[in-house]
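Data block below; observations after.
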Amino acid sequence: MISGITEIADKYDGFIFDVWGVLYNGVSLFDGVIPTLTYLKEQGKEVVLLTNSPRRAYNISNQLEERGLNKDLYKTIISSGELAFKALQARNDDFHTACGTACYYLGPEKFLHALTDSTEITIVDDLHSASFACVSHIEESTGDTAALIELQKQLLDKNIPLLCTNPDLTVRFGDHIKICGGTFAKEYQEMGGNVFFHGKPHRPCYEETQKALGITDKKRILAIGDSIKTDITGAKSYGIDALLNLPGVHWDEFLDTENDNRLCHTKLSAFIQEAAFKPDYIMNGITL
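Count the sequence shown with the numbering used here and you get residues 57 to 344, in order.
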C-alpha cells in the first residue's frame, strides 16, 4: 500500500482516473482530489478521466465543475455515454448498424442525452415498436426482480439487441450502494441476449483513452479506480498498471465491524488474493 501519489508519479507520464468512487462520491469531491490533480498538472503529466457513467462527457464535466473541479486539471473525459453516442452516430460496426433508431429505454430520464442528443433516435414506450433497447441504470422504482426478469425474457423473445451505457454492476452514491445497468445487461447476455457494453472493463474504451493521453508506451500509463471487476480488470487486461482506491464500491468489505469499522488488512489481503486481476498499488484515498 502506498501513502500517496507522489511515491509513484515519476514512473508514469499518463494517469487515467475513474470518477465515481475515486474523485467523487456522487455528492462531493474527495478531499485530496484537487491537490493531487494540481500536482500532476504541475509535473507535466497527462490526465484523462474514464468513467462508466451513462452521461455524456459535457454533462459530467459541468457536474464536476459545479463541485469545484476545474476543467483545466484534466485533458478530457471519456464516458460510457459519450462512447455510446459516438457509436450510434458513426454506425461503423455490425451491432450499432443493426440497432436501428427506435429505442426502448431503461433508466432515469437524466441519463438520456447519449440517445436524445441525436436527432435520429426515437424513444418508444413499448417493446413491439423497438429496434433496440438501452439500459443505463436500474431505478429503485423499477428494481423489482421478477419484473426485470420478465422484461429480459421479452427482450430475448423478440431478439432485441441491448446497448449498455453503464457496465458497472454497482456504484457507491454517498453512503449507499446502488445497482447499475451492467447487472441487468450481464444477466441478459447470460440468457443469450445480444449485448454491447460501452465502458470498463472492455478494451475499446482503453484504446480511446490511450489515444486521448497521446502516450504510446503502456508502461508509462497508470489507471486508478475503485472497482476490481471494472477498473482493475480492465486496466490489467489492456496491459497497463492499476491502482485500487479503497474508499469506493468495495469499502464495506474491508471494514472490521467489531473494531469501530476500521480498515481490516486481513480482509483486504483476502479480497486481493481472490481477485483474478490484482492491482499494482493500493491507496486509502486519493492524496499526495
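No residue lacks a Cβ here, since even glycine has one placed at the ideal position from N, Cα and C.
Whole-angstrom C-beta distance between residue j and residue i, which should lie under 8 Å
i, j, result
"H193", "F167", "6 Å"
"A186", "F141", "Incorrect: roughly 19 Å between the Cβ atoms, too far for contact."
"N250", "G281", "About 27 Å separates the two Cβ atoms, so there is no contact after all."
"I134", "C261", "6 Å"
"K97", "G70", "Actually they do not touch by this definition, with Cβ atoms about 12 Å apart."
"R111", "G137", "5 Å"
"F86", "I328", "22 Å between Cβ atoms; not a contact."
Sub-8 Å separation of residue i and residue j beta-carbons
i, j, result
"L93", "Y68", "no"
"P217", "H258", "no"
"T178", "A158", "yes"
"G255", "N108", "yes"
"A189", "L162", "yes"
"K267", "G295", "no"
"K323", "E309", "yes"
"M247", "Q208", "yes"
"K234", "T221", "no"
"A345", "Q119", "Outside the shown range of the chain, which is 57 to 344, sits residue 345, and nothing can be said about it."
"F240", "V191", "yes"
"R147", "S84", "no"
"L278", "L311", "no"
"F333", "I288", "yes"
Residue i versus the options, residue with shortest Cα-Cα distance
i, options, result
"V103", "L79, E314, A170, N118", "L79"
"D182", "V191, D200, Y160, P260", "Y160"
"D297", "Q99, S174, P335, C320", "P335"
"I338", "E330, S325, Y294", "S325"
"I72", "T313, L269, T286, N340", "L269"
"K285", "H321, K242, F252", "K242"
"I116", "G82, R147, N215", "G82"
"R318", "W307, I328, F327", "W307"
"F253", "L219, C236, F327", "L219"
"G238", "E195, A154, T313", "E195"
"E176", "G156, P164, E121", "G156"
"A154", "E206, N215, I205, H321", "N215"
Residues near residue i by beta carbon distance below 8 Å, same chain, minus five either side
i, result
"L344", "G60, I61, T62, G88, P91, T92, Y95"
"M57", "Y337, I338, M339, N340"
"E264", "I134, L139"
"P164", "S192, H193, E195"
"L212", "Y244, M247, G248, G249"
Spatial neighbours of residue i in its chain, beta-carbon cut-off 6 Å, leaving aside the 5 residues before and after
i, result
"V75", "L105, T107"
"A143", "H152"
"S197", "Only weak support exists for where S197 lies, its pLDDT of 49 falling under 50; the coordinates are left without a value."
"A113", "I133, S135, E138"
"G290", "K256, P257"
"A331", "I284"
"D316", "none"
"P303", "G341"
Cut-off 7 Å between Cβ atoms - residues of its own chain near residue i, not counting five sequence neighbours on either side
i, result
"Q9", "Residue coverage of the chain in this structure runs from 57 to 344, which leaves residue 9 outside it and unanswerable."
"Q145", "S174"
"V180", "A158, C159, Y160, A186"
"E121", "K127"
beta-carbon residue i near the ligand NAD non-hydrogen atom, thresh 7 Å
i, result
"D181", "Ligands displayed in this structure: none; no statement on the ligand NAD is therefore possible."
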